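So the sequence lines, in the order shown, correspond to chains Y and G. The numbering used here puts the first residue of the first sequence at 6, with every later residue one more than the last. The numbering used here puts the first residue of the second sequence at 205, with every later residue one more than the last.
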Amino acid sequence: MTTALNTLFITLEGARLNKEGERVVVTLHDEKKAEVPLRHLRSVVCLARAWMTPELLESCVEAGIHVSFFGMTGRFLVRVEGLPGGNVLLRRAQFRVADDGARTLEIARAVVVGKLGNARQFLMHARRDAVEERKPVLEEAVRRLSGHLRALERAEDLEQVRGLEGIAARDYFEVFPSLLKGEARRFTFDGRNRRPPRDPLNALLSFGYALLAQECAGALAGVGLDPAVGFLHEDRPGRLSLALDLMEELRAPVVDRLVFSLVNRGQLKPEDFKTEAAGGVLLRDEARKAFLVAYQGAKQVEVQHVFLGQQTSWGLVPHLQALLLARVLRGELDGYPPFAVR
Amino acid sequence: MKKVTVLVCYDVQVTDADGPRRLRRIARACKDHGVRVQYSVFECVLEPKDWVVLRARLLTELDDSCDSLRFYFLSEDVAKKTEHHGARVPLDVEGPLIV
């Protein structure tokens, strides 16, 4: 079974990463900043311009540690990994299913059911804690999501599934301002926007989704699937479509929940962001660090996996879901069971 | 597999010609597998298979006529039951790793 290995985040501009023994050593201007045994790592994520020796890269690839680089804005740049692992028969099965309209529809539908179900659950939790005057708005959004979930069952082709997903996403994001409490009401949110995100909440969402997508890609590669060949998301060069599929059900319970708990508890404030000349909004360094600490903490939180009937941590959920998806593609399981929050 | 948490402590006699070399090699083996908490003390949280490797590596380097090595097997929640005072706060490899 996959164990919960850690992620090393590099946020120091100009950091150098090299290998000493079986360890990663991070230095900045000849000062040693950290030293971590490779065996504790599942991935290395560079969020600043960092420099890595070929020796370390080689060891990472051999040990199955995924290395990814993000631009300063949190935009994903590149990901390094060795030859695809796992079984060629599994990958062939994945491609065959991706070319089979009926089976693709079933998986895409399951993914969106997972997404809407968890989004609905997230809003229901929020409604419980909301002040009286906000309850009707959230109530209405929950009702709409339920309607979209019912419509999904009747969807006859992929276009309808994608269409419903789009409408549901709009209904969902529309109530985001109602989730802000107290001081956090200073944040504004006028719908989801990205590339670049134009307000602090969108910047946090984009950053969180980018991190989660990388973890999903790693989990998929770990079971031998091709992260680029998706079902709900169309193939596009450079896009990790299957990773995005896998991420759908985790967006609300992992990223959205984290973002709102950080702003509502006052751990992140509007002052923690800066606006670039072009209008894009970025997290300041300290805020980015605070987000990463909270994100890593969220991965340790225990959660019940209803389908597998076992206790696990959020960090392992992408890996478990990747395993389940592999079983579906092999024909060992007749439908993909998305991760459902209780 | 359940991980094992081991506290590795050693004394290496550095007065003989080979001493510094043994000390270096033992420290290196520990650094590859765990976190240094004091000069000759390491906390190692390991898969059982990795623990076997580390243990073998340490025993190979040890000169049992003059050095000593102690392994303390700790409970999982050792972090909660530990206090640290003073300098050199060790890295928590299970916690957020952000540099």
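Using N, Cα and C, we set each Cβ at its ideal position, and we do this for glycine too. None of these values were measured; they are calculated from a predicted model.
Can the beta-carbon of residue i be found closer than 7 Å to that of residue j?
i        : j        : result
Y:Ala299 : Y:Leu267 : yes
Y:Leu230 : Y:Ser183 : no
G:Arg240 : G:Glu265 : no
Y:Pro323 : Y:Ala224 : yes
Y:Ala53  : Y:Thr16  : yes
Y:Val102 : Y:Ala146 : no
Y:Glu254 : Y:Lys120 : yes
Y:Val166 : Y:Val118 : no
Y:Val286 : Y:Leu209 : no
Y:Glu86  : Y:His71  : yes
Y:Asn123 : Y:Val346 : yes
In whole angstroms, what is the alpha-carbon distance linking residue i and residue j?
i        : j        : result
Y:Lys279 : Y:Arg293 : 12 Å
G:Asp268 : G:Tyr214 : 11 Å
G:Ile230 : G:Ala283 : 24 Å
Y:Leu297 : G:Ile302 : 8 Å
Y:Arg84  : Y:Phe74  : 6 Å
Y:Lys274 : G:Leu273 : 51 Å
Y:Gln301 : G:Asp220 : 46 Å
Y:Val228 : G:Thr209 : 28 Å
G:Arg261 : G:Asp254 : 11 Å
Y:Arg197 : Y:His310 : 29 Å
Y:Thr12  : Y:Lys304 : 11 Å
Y:Ala131 : Y:Arg139 : 10 Å
Y:Glu164 : Y:Thr109 : 12 Å
Y:Glu188 : Y:Pro205 : 15 Å
Y:Phe344 : Y:Ser318 : 12 Å
Y:Leu251 : G:Ser244 : 45 Å
Y:Met6   : G:Arg232 : Only weak support is given to the placement of Y:Met6: the predicted model assigns it a pLDDT of 38, under 50, and the question is left unresolved by the model.
Y:Ala248 : Y:Gly235 : 8 Å
Y:Arg199 : Y:Gly243 : 18 Å
G:Pro294 : G:His288 : 9 Å
Y:Ala156 : Y:Ala174 : 14 Å
Y:Lys37  : Y:Val50  : 18 Å
G:Gly290 : Y:Gln272 : 28 Å
Y:Arg47  : Y:Leu10  : 5 Å
Y:Glu137 : Y:Glu276 : 29 Å
G:Glu156 : Y:Arg159 : In the structure displayed, chain G extends from 205 to 303; residue 156 of chain G sits before or after that span and is not available.
G:Arg292 : Y:Ala233 : 44 Å
G:Leu224 : G:Asp271 : In the sequence on display, residue 224 of chain G carries Pro and not Leu. The alpha-carbon atoms of G:Pro224 and G:Asp271 are separated by roughly 12 Å.
Y:Gly106 : Y:Arg125 : 28 Å
Y:Arg148 : Y:Leu82  : 39 Å
Y:Val308 : G:Asp222 : 52 Å
G:Lys285 : Y:Glu281 : 46 Å
Y:Thr193 : G:Pro300 : 29 Å
Y:Met129 : Y:Arg190 : 20 Å
Y:Ala295 : Y:Asp104 : 43 Å
G:Phe275 : Y:Ala20  : 35 Å
Y:Gln315 : Y:His34  : 46 Å
Y:Ala327 : G:Val218 : 51 Å
Y:His153 : Y:Asp162 : 15 Å
My guess is that residue i and residue j are in contact by the Cβ rule of under 8 Å, so how many angstroms apart are they, rounded?
i        : j        : result
Y:Pro342 : Y:Gly284 : So it is not a contact: roughly 41 Å between Cβ atoms.
Y:Tyr222 : Y:Leu245 : Per the sequence shown, the amino acid found at residue 222 of chain Y is Ala instead of Tyr. Confirmed, about 5 Å.
Y:Ala68  : Y:Leu88  : Wrong, their Cβ atoms sit about 14 Å apart, outside the cutoff.
G:Val212 : G:Gly238 : 7 Å
Y:Leu150 : Y:Asp134 : Not confirmed; about 18 Å, so no contact.
Y:Asn92  : Y:Thr58  : Going by Cβ atoms, the distance from Y:Asn92 to Y:Thr58 rounds to 32 Å, so no, they are not a contact pair.
Y:Leu330 : Y:Leu313 : The Cβ separation is near 13 Å, so there is no contact.
Y:Leu185 : Y:Asn269 : 7 Å
G:Lys207 : G:Val249 : 5 Å
(message) Across the region 100-119 of chain Y and the region 157-176 of chain Y, are there enough close Cβ pairs to call them in contact, namely three or more that are closer than 8 Å?
(response) yes
(request) Return the residues of the region 214-247 of chain G that lie within a Cβ-Cβ distance of less than 9 Å from chain Y, sorted by chain order. (result) Arg232, Ala233, Lys235, Asp236, His237, Gly238, Val239 and Arg240
(request) Report yes or no: do the region 91-101 of chain Y and the region 329-343 of chain Y share at least 3 C-beta pairs separated by less than 8 Å? (result) yes
(request) Check whether the region 25-45 of chain Y touches the region 62-72 of chain Y, counting contact only when three or more Cβ pairs, one atom from each stretch, lie closer than 8 Å. (result) yes
(request) Please confirm if the region 249-260 of chain Y is in contact with the region 205-223 of chain Y, defined as three or more CB-CB distances below 8 Å between the two stretches. (result) With the cut-off at 8 Å, the region 249-260 of chain Y and the region 205-223 of chain Y touch.
(request) Would you list, in chain order, the members of the region 44-76 of chain Y that have their beta-carbon closer than 7 Å to a beta-carbon of chain G? (result) Arg44 and His45
(request) For the region 307-336 of chain Y, enumerate the residues whose C-beta is nearer than 9 Å to any C-beta of chain G, in chain order. (result) none
(request) For the region 8-34 of chain Y, enumerate the residues whose C-beta is nearer than 9 Å to any C-beta of chain G, in chain order. (result) Thr8, Ala9, Asn11, Thr12, Leu13, Phe14, Ile15, Thr16, Leu17, Ala20, Glu25, Gly26, Glu27, Arg28, Val31 and Leu33
(message) If the cut-off is 7 Å on Cβ atoms, which residues from the region 280-298 of chain Y count as contacting chain G, listed in chain order?
(response) Lys294, Leu297 and Val298
(message) Using a Cβ-Cβ cutoff of 8 Å, what residues of the region 252-264 of chain G are near chain Y? List them in chain order.
(response) Asp254
(request) May I ask you to list, following chain order, the residues of the region 274-298 of chain G that have a beta carbon less than 8 Å from some beta carbon of chain Y? (result) Leu295, Val297 and Glu298
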